[in-house]
Amino acid sequence: MQSELLFEGKCLTQKSGGTEGYRNARKGTTVAAQAAALSFCHAAQLRDIRNIRVVVKGLGPGRLASIKGLQMGGLNVISITDRTPAPEKCPRPRKAKRL
């Protein structure tokens, strides 16, 4: 999902695979991510935005495809930041076997 934010944190536009018409399992594909990125580029260029900073969260197939789509759409990518949340606590251990 792509969101266009100002420095104040106000959201101007938001695009995802679902808003581009892809449903169910197709929303998480590389094609849907690229289509959402191209639609996002069009919305950004209407607001006269040329340079962007990309923040990526999570692992998935559309991660690189969305960045490529932003570059294909004519936007200038200044920086790419990875903000994938890391677990703070280790997972709960398996229960002990009874004998």
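Letter by letter, the sequence shown follows residues -9 to 89 of our numbering. We put the beta carbon where it would ideally sit given N, CA and C, even for glycine.
Tell me, which residues are paired with residue i by DSSP?
i     : result
Val44 : Ile70
CB-CB under 8 Å to residue i, same chain, minus the five flanking residues each way: which ones, in chain order?
i     : result
Arg73 : Val45, Val46, Lys47
Suppose the cutoff is 6 Å on Cβ atoms and the five residues either side in sequence are ignored; what does the same chain contact list for residue i look like?
i     : result
Arg40 : Asn66
Gly7  : Lys17, Ala22, Ala26
On a Cα-Cα basis, can you pick out the residue from the options that is closest to residue i?
i     : options                    : result
Thr9  : Lys79, Leu28, Arg88        : Leu28
Ile57 : Thr20, Ala15, Gln35, Arg84 : Thr20
Ser69 : Gly63, Pro77, Asp38, Arg43 : Arg43
Leu49 : Cys80, Gly(-1), Ala76      : Ala76
Pro51 : Gly63, Gln24, His32, Leu2  : Gln24
Cys1  : Arg88, Pro83, Ala33, Gly64 : Ala33
Arg53 : Thr71, Lys87, Pro81        : Thr71
Met62 : Gln35, Ala15, Tyr12, Arg13 : Gln35
Tell me where the alpha helix (DSSP H) around residue i begins and ends.
i     : result
Thr3  : From DSSP, Thr3 is part of no alpha helix (DSSP H) but of the beta strand (DSSP E) over 1 to 5.
Thr20 : 20 to 36
Ala86 : From DSSP, Ala86 is part of no alpha helix (DSSP H); its letter is neither H nor E.
Ile57 : 52 to 62
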